Structures are given as C-alpha cells and as structure tokens.
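Under my numbering, think of the first position of the sequence shown as 4, with each following residue one higher. We put the beta carbon where it would ideally sit given N, CA and C, even for glycine. From a predicted model like this one, the values you see are computed outputs, not experimental measurements.
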Amino acid sequence: MKILIIENFWLGGKKLKLTEKLLLNTFSILPTLYARQLAAITPKKHSVKIVDERYLNINFDEKYDIVLINFNFSSVQRAYEIADSFRQKVITVVLSGWYPSIMSKEAKTHSNSVIIGLNETNWLELLNDYEKDKLKPFYEPKKYDSSVRIPPTNVELPGFIFTGAIEATRGCPYRCDFCPESNIPGGSQYFTRPVDDIIDEIKSIPQKTIMFYDKSLTINPEYSKTLFKKMKNLNKKFFCNGNADVLARDKELVRMSKEAGCVAWLIGFESISQETINKIGKTTNKVEEYYQAVKNIHDNKMSVIGSFMFGFDTDTKDIFNETLKMIEELKIDIADFWILTPFLGTPLFDKLEDEDRILTKDWSKYNMKSVVFKPKNMTPDELLQGVKKMYSEFFSFKNSTKRVLRGLYLGFYPFFLILVRNSITNIIIRYFSSYDN
Ligand code: SF4
C-alpha cells in the first residue's frame, strides 16, 4: 500500500517564507514526531511518505491508498480542504489528532475513518482492516498495552534538523481545566515506555539534541531517574517538560537530569496567582515553590523556559506588569506567553459556553494567539494588547541581551538555546501581530 501521512500543526494554514521555513526546520524545538511514530510502526511492506505542511507542499496528483491527516484546532479548515480533495479522487482518508478526537462525528463527514485519541495500536488495526476491506468508521482509544513498542522514529524529514524528538511517557493524569491534551479521550491515561527501548531509540537518533515530547517528565520521578541514569553516557543534550512541584522538591531528580544531558526544563507556570492556579486545577503548582524550582535548575547549570497564560477570570489588567516583575525576579531565561483558549472538550470551554462568553467558533482562531472568549476583568482587546506587551517587553533588546549574557554562566548549550529562542520568538511575534480580533 502507498500511504501519505500529513501533519499540520499550529500555523492555521499560514504560508511561510523560505527563510522562515529554513529557520523553523533547522531550529524547531517541535519537530514532527507523531507522523514519524506512525510511519515507524507501519509494516515495511507498505510505503509511507510524510508531509509536514510547514515545509513541504502536498502533491494531490500522486496516487495513494490511504491518506492520514493529523491536525489540531487551528488547522481544521485546511485539514478538511485536504481531506475533501483526496476523497474526490476516491482515496481513503483517515483523520486523527486533537480536533478529530473531540469532533469525531463531524470529522467522519470528511473522511472514511477517524482515529480517536493517540494510539498506535489503532493504526495497525486500521491498516489490517483496510486490507480486509473492513475499515471501521471510528477507532476508539485503547488501553495501553505494554507489548506495543514504539520503535525508533526512523523516518527522516528533509533538510538539516537541529533537534530530534522522542517520547518516553504519554498522557497526563492532572487534567487542568484548560488543557486540551489531557482532556481528549484517553489523554489523561498515563503510561511509560520501557526505559531500555528509550535508550535504544536515543542511540539511533542522529541529532545531538533531543526534545522529549512527554507532557511532563516529573509525573513519575522514579521512572525519570532510571531513565536519566541510563542516559548518562549517551553524550546527548535534551529539553523536557516538568512540573514546578517536583522540580522544587526533588533536587536529586534535577541533578540527575543535568548529568543525563538536560539543557533546559520547560515549566508550565501558567500564572503567578495562587488563586488562579487553584481555580484551574493545576495541582502541581504552588507559586511559593516557583523560586526553588528555578533555583534548583540554575544551580545545576540548566536553563528555564517558562510558559504563562493570560485571560483567567481572576486576571485583572495588572496581571501583565505583575508577571513581568516576577519573571524578572525568578530570572527565567526564556518565556512563552499565551492567551487562554477554551478548546473544545475541556471543562473551560463548557463553562464559558454555559456563561455565553464564547465569541467565535472559528476554530482557526483557537491558536492561543487570538481572544476567542469574553474575559471577565478586561476587554478582549486589552487581553490581546497585554499579551503582546509581554512579548515586546520580555524580548526587548535590553532584556534579551541581559538574559543572553546571564546565559553565558550556564555553559554553552543553555546559552546557545537562549540565543536561538530569541530568534524563533521573533518569528512567533510576527505571527502574533498577524491576527486581528
Ligand atoms: S499538567 Fe500540563 S499537561 Fe498535565 S493537564 Fe495540566 S496543563 Fe495539561
């Protein structure tokens, strides 16, 4: 069989210039992973091609037996366009990803089959069913079966890619009320892959630096310690996500991550207000522990990438300046600022829908860079301008230079990361300003 896997994330159909493609492709900390995992487990008798529309165009004239499109909310329109074009050519279309998992009935009207949740076992079952001409309309998430081993993601993307990608664990049990990933069917089901499989996979990744796609490598600290211990002599560098509670309390884990090659921890701080944190159900965060978490990471010469969100019901217009002040005090090296987005399937969406505060159901705007609901204590424009201000202040020449110089103390890789992320964020800022509300 000839299979095409299309991954279409985050850009909402926006076309990139050649220089932007090169920059993203080379330095992206979010290399395509899911498509390559599916390609890697596809039996070798089939031929698989991957297209990530950020970099490559789709050839609609090529003949395929199955086209799988994996997409999220902001790419719905483009994904359906692609699906409909292939269906007109009587090619079997399968849809998967966040959006089809939540809106499976709608997705089915544009496809032959929908995979709900992330589950490799379904892909193999689907291929078998296709060969027997017994394709099912929906493939529900299955309980993880440890006999299913995700092999190395051995499908190369074109060009020079600076960062490789891997996934040691999947799912997150915390279910924060805004989080689409843990609230999709099967998303809060947490499982770990055998550590030796991860080690084999890391050895086979050609890149020196790797991004762990895990929602958090602090959910099961003992598992992560075993993993870090075995990574010690692999001579790799990596970034990973973690939660503030464990990073503040478990110094041994932080130290072991450094010894394993960790360059940076990405932490979803979300808010500097404990009241907000309590309301959104982010049980891993205690604001008073933020300082210790950052200190532990810096003490071990790694950098901190902080993620913050704005627009919570407890946020007033003061939240922007207060957050900037605290980020400065915490000495966070790199930060991402997002507009709270009520993704379908989350408790947050249900609440705002009940309160008649959803402003648009144009899913292309559900990109965390547009205001799609009525905030409680500010206007939508004040929220948008506030987040833009966070970017312009945090990434001002003076502040960026200060951070880059401070990064020198952390050693080459954290320093390089801080330098590079400033360039990438410039691209993000440009995208940001392209959205109108
Ligand atoms: S801790 Fe992170 S990944 Fe887990 S539910 Fe909360 S936001 Fe989602």
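Around the Cβ of Asn236, a 10 Å sphere holds fewer than 16 other Cβ atoms; the residue is exposed. Residue burial is scored here from C-beta neighbours: Tyr412 has fewer than 16 other C-beta atoms within 10 angstroms and is therefore classed as exposed.
Within the model, the alpha-carbon separation for Ala110 versus Val117 is close to 7 Å. Taking a contact as a CB-CB distance under 8 Å, the pair Ala247 and Asn288 counts as one, their CB atoms being some 5 Å apart.
With contacts defined by Cβ atoms closer than 9 Å, Leu7 and Lys48 do not form a contacting pair.
Within the stretch 257–308, the complete beta strand (DSSP E) segments at least 3 residues long are 265–273, listed from N- to C-terminus. Considered as a whole, the stretch 381–410 harbours no complete run of any beta strand (DSSP E) with no fewer than 3 residues. Beta-bridge partners of Trp341 (DSSP): Met312. In the three-state reduction of the DSSP assignment, Glu170 falls in the coil class. Using a 10 angstroms sphere on the CB of Phe194, the tally of other CB atoms stays under 16, which defines it as exposed. Across the set Gly245, Ser395, Gln80, Pro140, the C-alpha of Gly245 shows the shortest separation from the C-alpha of Phe272.
Bounds of any alpha helix (DSSP H) do not take in Ile361, whose DSSP letter is neither H nor E. With a threshold of 8 Å, the Cβ atom of Asn125 does not count as near ligand 1, since no heavy atom of the ligand is closer than that. If you keep only unbroken beta strand (DSSP E) runs of at least 3 residues inside the stretch 72–155, you get 95–99, 116–118. Note: Asp55 is bridge-paired with Glu10 in the DSSP secondary-structure output.
Here the distance from the Cβ of Cys175 to the nearest heavy atom of ligand 1 is below 8 Å. In the DSSP assignment, Ile222 falls outside any beta strand (DSSP E), carrying neither H nor E. By the neighbour-count criterion, in which a residue is buried when 16 or more other Cβ atoms sit within 10 angstroms of its Cβ, Ser399 is exposed. It is roughly 5 Å from the alpha-carbon of Ser77 to the alpha-carbon of Tyr369. DSSP places Ser373 in the coil class of the three-state scheme, outside both helix and strand. DSSP, read as helix, strand or coil, puts Thr319 in coil. With three or more CB-CB distances shorter than 8 Å, the stretch 290–302 counts as touching the stretch 249–268.
For Glu84 against Ala38, the beta-carbon gap comes to about 18 Å, at or over 8 Å, which does not count as contact. Counting only residues of its own chain and dropping the five nearest sequence neighbours on each side, Phe323 has a CB closer than 8 Å to the CB of Phe313, Gly389, Val390, Lys392, Met393. For Ile44, the enclosing alpha helix (DSSP H) begins and ends at 37–44. Per DSSP, reduced to three states, the secondary structure at Ile205 is helical. Gln40 counts as buried, since no fewer than 16 other beta carbons sit within 10 angstroms of its beta carbon. Within its own chain, the residues whose Cβ lies closer than 6 Å to the Cβ of Gln192, once the five positions on either side in sequence are excluded, are Gly174, listed in chain order.
The Cβ neighbour count for Val93, taken over all protein chains shown within 10 Å, is under 16; the residue is labelled exposed. The alpha-carbon of Ala263 is positioned some 31 Å away from that of Thr124. Annotation: the continuous beta strand (DSSP E) that includes Asn244 extends over 240–245. Scanning its chain for C-beta atoms nearer than 8 Å, with the 5 sequence neighbours on each side dropped, one finds around Pro417 the residues Val266, Ala267, Lys304, Met305, Ser306, Asp336, Gly410, in chain order. By the Cβ-count criterion, Phe63 is exposed, with fewer than 16 other Cβ atoms from all chains shown falling within 10 Å of its own Cβ. Using a cutoff of 8 Å, the CB of Phe181 counts as near ligand 1, since one of the ligand's heavy atoms is closer than that. Lys372 and Pro350 have their C-alpha atoms some 20 Å from each other.
In the three-state DSSP reduction, Met4 falls in the coil class, being neither helix nor strand.
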